[in-house]
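Under full-length UniProt numbering, the first residue of the sequence shown carries the number 1, and numbering increases by one thereafter.
Quick reminder that beta carbons are idealized off the backbone N, C-alpha and C, glycines included.
These figures come from a predicted structure and were not determined experimentally.
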Amino acid sequence: MRELTSEEIKKLVELTLKAKEFAYCPYSNFRVGSTVFGENGIYYTGANVENASYSGAICAERVAITKAVSEGQKKFIAIGVCTDVSGEFTKPCGICRQFMTEFATDLPIYLIQPDGSYIVDNLKNLFPDPFKVKILKLEQH
């Protein structure tokens with residue numbers, strides 16, 4: 001997998017911070033923004049969307065990936081995630097990590113602070129042993 005250029009990283013950070021502004025989170029007040037960068041060179045943004053029946057909520061990372069997939073893009077170079085929390089790099093939740101593995105197992109994850117600073121982690125590091133589709137094809141007893 002190729003590394004992002006400094007310009008691509010800058011755009012990923014900017015779009016991720018902007019995406020957070022569109023979060024709909026009246027219950028938790030915990031805004032999350034995400035941007036996934038497709039192999040096609042297009043950035044897809046997402047924000048968390050909560051629902052009164054809490055289980056109906058969808059995380060920003062899954063919004064961004066779903067937007068990309070619904071537009072035909074299933075291969076990704078990187079994803080960015082940000083919250084309003086300073087001093088702590090907020091990582092994707094377990095559901096999002098599993099969701100990401102459907103499309104990439106070695107995806108760079110840019111964990112972005114409100115001031116635009118970031119660190120880079122990796123999906124393989126954060127979620128080393130996901131549930132795999134091959135299990136669904138095994139004979140059941």
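Out of Lys91, Leu138, Gly116 and Gln140, the CA that lies nearest to the CA of Asn122 is found in Lys91. For Lys11, the CB contacts under 7 angstroms within the same chain, skipping 5 residues up- and downstream, are Tyr43 in chain order. DSSP assignment within the stretch 1-44 yields the following whole alpha helix (DSSP H) runs of 4 residues or more, N-terminal first: 6-20. For Pro108, the closest alpha carbon among the candidates Asp115, Met100, Ala78 and Ser70 is that of Ala78. The beta carbon of Leu111 sits closer than 7 angstroms to the beta carbons of Val81, Phe89, Thr90, Lys91, Tyr118, Ile119 and Asp121 from its chain, once the five residues preceding and following it are set aside; these are given in chain order. For the options Leu138, Phe22 and Met100, the alpha carbon positioned closest to that of Asp129 is the one of Met100. The beta carbon of Leu4 is closer than 6 angstroms to those of Ala78 in its chain, skipping five residues each way along the sequence. Burial state of Val85 is exposed, judged by a 10 Å Cβ sphere holding fewer than 16 other Cβ atoms.
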